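Step one of this worksheet: look at the structure below.
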Amino acid sequence: MAIRIAGVNIPIEKRAHVALTYIYGVGITRAHKILEKAKVNPETKMKDFSEAEVNLIREIVEKQHTVEGDLRREVQSNIKRLKDIGCYRGTRHAKNLPARGQRTKTNSRTVRGNKRMTAGSGKVKAGLKT
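Quick note on the numbering used here: the sequence shown kicks off at 2 and runs consecutively.
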């Protein structure tokens, strides 16, 4: 029996508060709040919930919170808006660089590409001078 909430397969062997974090836009804090509204124990495994409890959780997640596709669309439209108005953060997003003030001289290697030079680069070996 697979449980689907907001178009995501929820693992049934995990506890409820952890399993809900598989949904994009639901972290631990929001998962606890959802389970509190549904009046169920967060430590219970998903397979132990009745169909009515699962439906109640599904309804709370889908009706009261922006998750998955809608949230992804909203985030992308916010980034597009920043790019369109040409602000600093928008240009950083466009160049695929850190947008929140991090240093880039030594960090953000994964964003800028792993361009580390070797220790001996540019040097000519002692016996090969001409």
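Cβ coordinates follow ideal geometry from the N, Cα and C atoms, glycine included. Predicted model, so just to flag it, every value in this text is computed and none were measured.
Do residue i and residue j have their CB atoms nearer than 8 Å?
| i | j | result |
| --- | --- | --- |
| Pro43 | Arg5 | no |
| Leu98 | Val112 | yes |
| Ile29 | Ile58 | no |
| Lys84 | His94 | yes |
| Ala100 | Arg90 | yes |
| Ala39 | Ile11 | no |
Taking 7 Å as the limit between beta carbons, can you name the residues of its chain near residue i, skipping five residues before and five after?
| i | result |
| --- | --- |
| Tyr25 | Val68, Glu69, Leu72 and Arg73 |
| His18 | Ile29, Ala32, His33, Leu36 and Pro43 |
Can you name, in chain order, every residue of its own chain whose Cβ lies under 6 Å from the Cβ of residue i, other than the five neighbours on each side?
| i | result |
| --- | --- |
| Val41 | Glu54 |
| Val9 | Tyr23 and Ile24 |
| Lys48 | Ile13 |
Write down the C-beta distance between residue i and residue j rounded to the nearest angstrom, noting that I regard them as a contact closer than 8 Å.
| i | j | result |
| --- | --- | --- |
| Glu63 | Ala7 | 6 Å |
Against chain C, does residue i count as a neighbour if the rule is that its beta carbon must be under 8 Å from one of theirs?
| i | result |
| --- | --- |
| Ser51 | The displayed structure is made up of one protein chain only, and chain C is not part of it. |
Cutting at 8 Å between CB atoms, please list the residues of its own chain near residue i, excluding the five before and the five after it.
| i | result |
| --- | --- |
| His66 | Gly26, Val27, Arg31 and Ile35 |
| Ile80 | Gly91 and His94 |
- request: Go through the stretch 26-109 residue by residue and report every complete run of the alpha helix (DSSP H) that reaches 4 residues or more, in order.
  value: 29-38, 52-65, 69-86 and 89-95
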